[in-house]
Amino acid sequence: MILEERPDDPGASEDSDRLQEDSSNPKSHQQHLGPRDSRLGAELCQLQPAAAERGAGRAGQQCRCGAARRVESVTIPMIPLGLKETKELDWATPLKELISEHFGEDGTSYETEIQELEDLRQATRTPSRDEVGLDLLAAYYSQLCFLDARFFSPARSPRLLFHWYDSLTGVPAQQRTLAFEKGSILFNIGALHTQIGARQDCSCTEGTSHGAEAFQRAAGAFRLLRENFSHAPSPDMSTAALSMLEQLMVAQAQECIFKGLLLRASDTPDSCPAQLQLAQEAAQVAAEYGLVHRVMAQPPVRDHLPASWTNLAHVKAEHFSALAHYHTAMALCEGSSAHKGELPGQEHVFQPSATCEPQGPTLPQHPEECRKLAKAHLKRAILGQEEALRLHTLCRVLRKVDLLQVVVTQALRRSLAKYSELEREDDFFEAVEAPDIQPKTHQAPEVKMPSLSQVKVTDLFHRLGPLSVFSTKNRWQLVGPVRMTRGEGGSGFTLRGDSPVLIAGVVPGSQAESAGLKEGDYIVSVNGCPCKWWKHVEVVAQLRGVGEDSVSLQVVSLLPSPEPRNTGPRRPALLWSQRECGFETPMPARARPWPILAWSRKNKQSKTGSQPDPCTNRNCVTCP
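Residue 383 in full-length UniProt numbering sits at position 383 of the sequence shown, and the numbers go up by one each step.
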């Protein structure tokens with residue numbers, strides 16, 4: 001079941017109620033999508049733009065966006081994406097079993113950490129639609145990186161089955177790989193950005209800026225997922241679907257940019273250059289939505305996508321193409337622009353055709369020619385808006401979106417009114433044909449990757465020890481406790497490294513050798529005090545502090561890594577470094593940074609035959 005948006009404003013519009021009711025009615029979808037899509041969990045109807053909420057619950061409230069003027073009372077709706085839902089997951093049983101069997105510790109002593117992990121996952125199922133919700137998802141994602149590094153390896157992993165529902169179709173999918181859990185969380189980060197962007201107030205410049213930022217980050221999340229995750233078990237995470245979602249978010253970001261420019265141009269409505277810029281910006285938005293519509297209409301995306309999405313993309317392509325012709329007409333008929341010398345610098349506005357020069361037709365300079373060409377562009381604007389209204393009425397879901405009809409109707413009425421002003425009694429022939437507008441933008445959207453590293457978290461299972469040693473990628477044997485006293489030549493071993501401290505060398509015939517200590521062992525306890533996370537100087541100070549008294553040590557000796565169990569060909573997974581996930585863990589001197597899900601790599605430190613590098617630490621001394 002896909003989460004339904006709960007409007008913050010109790011006076012949300014009646015449109016939102018009707019649309020959400022329709023999105024929860026399976027029969028209403030089957031007429032468009034067939035039995036395979038029993039609901040529209042990620043439907044356009046899922047969220048309504050902030051303009052609708054203001055119209056019902058906050059009518060008359062002034063937007064706190066400086067001196068920006070409102071151009072339109074309502075704006076065309078955006079397409080938000082519903083979050084993927086999941087079933088509850090029992091972390092406790094497999095983690096306790098793994099901690100007891102592999103790490104040699106009491107699994108029940110980690111109930112607090114396991115409960116915190118389960119609470120965090122439960123909270124991510126219903127995140128708030130704001131930055132707090134994004135931080136929550138990012139924090140859980142970072143914890144998954146820790147869990148992946150510690151508990152998941154080819155040799156041994158918890159027996160978990162991750163269940164997630166497809167955001168577009170509601171069909172359940174399941175996998176045992178943690179990559180599926182991580183990919184689903186990253187998908188929800190992108191989906192949450194789309195919902196934040198769709199809720200922005202696009203009637204003020206601040207709202208358009210925030211909306212564009214949200215959609216650009218959503219596009220970045222889907223691109224990151226597409227580039228690092230393949231063979232997804234659910235259609236919404238397939239390469240084709242993620243590519244379409246990225247293109248859709250770029251188009252919606254471009255639309256927000258256009259709305260911001262439209263607000264700024266409202267201060268100078270008679271400026272010819274400003275109107276021509278708006279025309280090309282609108283043509284750019286139309287081109288983006290045209291591309292999205294073509295992708296949506298092709299299989300395999302078409303087979304899983306709500307039909308209303310495809311129809312809305314088509315409506316927007318026609319609507320913004322008509323707006324491009326409208327603003328071109330406004331530039332041509334605004335007073336004496338030709339006489340002011342404003343037109344010659346804006347010649348490359350039209351697309352070239354087969355009957356004109358390669359750079360395209362130029363703008364006319366005579367006022368009468370400007371009037372005729374403006375009238376031709378208005379005619380194309382009227383035809384485009386009428387086509388948008390026709391497409392709007394073809395989709396049962398879109399017919400219930402009153403805001404969409406209002407916006408397109410308003411644009412049509414403006415074009416008709418302006419066409420009537422330019423109409424003359426002696427205009428018997430329509431000899432002028434309006435050329436297409438050349439798409440161009442002065443502010444192209446930038447696909448921005450999600451800021452996963454900005455949320456700093458602490459490994460919940462920190463007590464198990466540093467990840468470089470204490471993970472399922474390694475096997476070890478606990479030695480001790482052994483008691484040693486200082487002799488004339490010391491204890492007979494040297495130390496190096498931090499967290500944990502490594503025995504770099506053992507003197508032949510010394511007490512250390514007699515006690516069973518070996519080169520390459522890690523000290524984990526001094527006099528019964530755990531020291532897995534101690535620094536080199538702390539361990540040395542503790543050993544020197546006992547004087548002539550005996551000291552009790554516990555060490556772990558790494559064992560050869562077993563061959564991974566043959567589970568068949570492994571699927572590609574998310575291969576992001578720990579730094580990108582927002583955390584870093586101290587490594588032994590010879591250890592290399594490990595990728596998050598590098599299943600096929602072995603930890604070279606796990607081989608007992610490996611020789612440590614010569615000590616370069618000036619604090620490395622022979623222990624007393």
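The beta carbon of each residue, even a glycine, is placed where N, CA and C say it ideally should be.
Rounded to the nearest angstrom, the gap between the Cα atoms of R371 and R424 is 11 angstroms.
In the structure shown, the three-state DSSP call for P299 is coil. For I99, no beta strand (DSSP E) segment is defined; the enclosing uninterrupted segment is the alpha helix (DSSP H) at 92-101. For the pair of segments examined, the stretch 449-469 was found to touch the stretch 143-151: the number of CB pairs separated by less than 8 angstroms reaches three. In the DSSP assignment, T194 falls outside any beta strand (DSSP E) and within the unbroken alpha helix (DSSP H) covering 178-198. Assigned with DSSP and collapsed to three states, R483 falls in strand. Using a Cβ-Cβ distance cut-off of 8 angstroms, the stretch 243-250 and the stretch 266-282 are not in contact, since fewer than three pairs of beta carbons, one from each stretch, lie closer than that value. N188 and Y289 have their C-alpha atoms spaced approximately 23 angstroms apart. Residue environment analysis places L261 among the buried positions, since at least 16 neighbouring C-beta atoms fall within 10 angstroms of its C-beta.
DSSP places Q454 outside any alpha helix (DSSP H), giving it a letter other than H or E.
Distance from V501 to H536 at the Cβ level is roughly 6 angstroms; contact confirmed, criterion being Cβ atoms closer than 8 angstroms. A residue is called buried when at least 16 other Cβ atoms come within 10 angstroms of its Cβ; A417 does not meet this threshold and is exposed. Between the stretch 444-459 and the stretch 292-303, the count of C-beta pairs closer than 8 angstroms stays below three; the two stretches do not touch. Straight-line spacing of the CA atoms in H293 and S321 works out to 14 angstroms.
Closest in alpha carbon position to V506, among P172, S420, G516, is G516.
The alpha-carbon of S499 is positioned some 22 angstroms away from that of G107. Secondary structure of H314 (DSSP, three-state): helix.
For R496, the uninterrupted beta strand (DSSP E) run begins and ends at 493-496, by DSSP. Exclusion of the five residues before and after A232 leaves S238 as the residues of its chain whose Cβ lies within less than 6 angstroms of its Cβ. Per DSSP, F162 is not a residue of any alpha helix (DSSP H); the beta strand (DSSP E) it occupies stretches across 162-165. As DSSP reads the structure, Y522 sits in a beta bridge with L502, V556.
Under the three-state reduction of DSSP output, F461 falls in the coil class, being neither helix nor strand. Annotation for Q385: the continuous alpha helix (DSSP H) segment containing it runs 367-394.
Annotation: K518 to Q554 spans about 12 angstroms, alpha carbon to alpha carbon. Residue pairing by DSSP places V551 opposite M484 in a beta bridge.
In the three-state reduction of the DSSP assignment, I437 falls in the strand class. The shortest CA-to-CA distance from P364 to any of G384, C333, E387 is the one to C333. Judged by beta-carbon spacing, L323 lies within the 8 angstroms limit of A282, meaning their Cβ atoms are closer than that value.
Distance from the Cα of L89 is smallest, within the candidate group A331, Q174, V285, P367, for Q174. Just so you know, the alpha carbons of C202 and K316 end up roughly 16 angstroms apart.
Cβ atoms of R217 and P450 come within 8 angstroms of each other, at about 6 angstroms. Taking the Cα positions, K379 is about 13 angstroms away from E421. Annotation: Q443 is outside any alpha helix (DSSP H) and is labelled neither H nor E by DSSP. The beta carbon of E369 sits closer than 6 angstroms to no other beta carbon from its chain once the five residues preceding and following it are set aside. Distance from the Cα of H193 is smallest, within the candidate group S100, V447, G509, L389, for V447. Per DSSP, reduced to three states, the secondary structure at T86 is strand.
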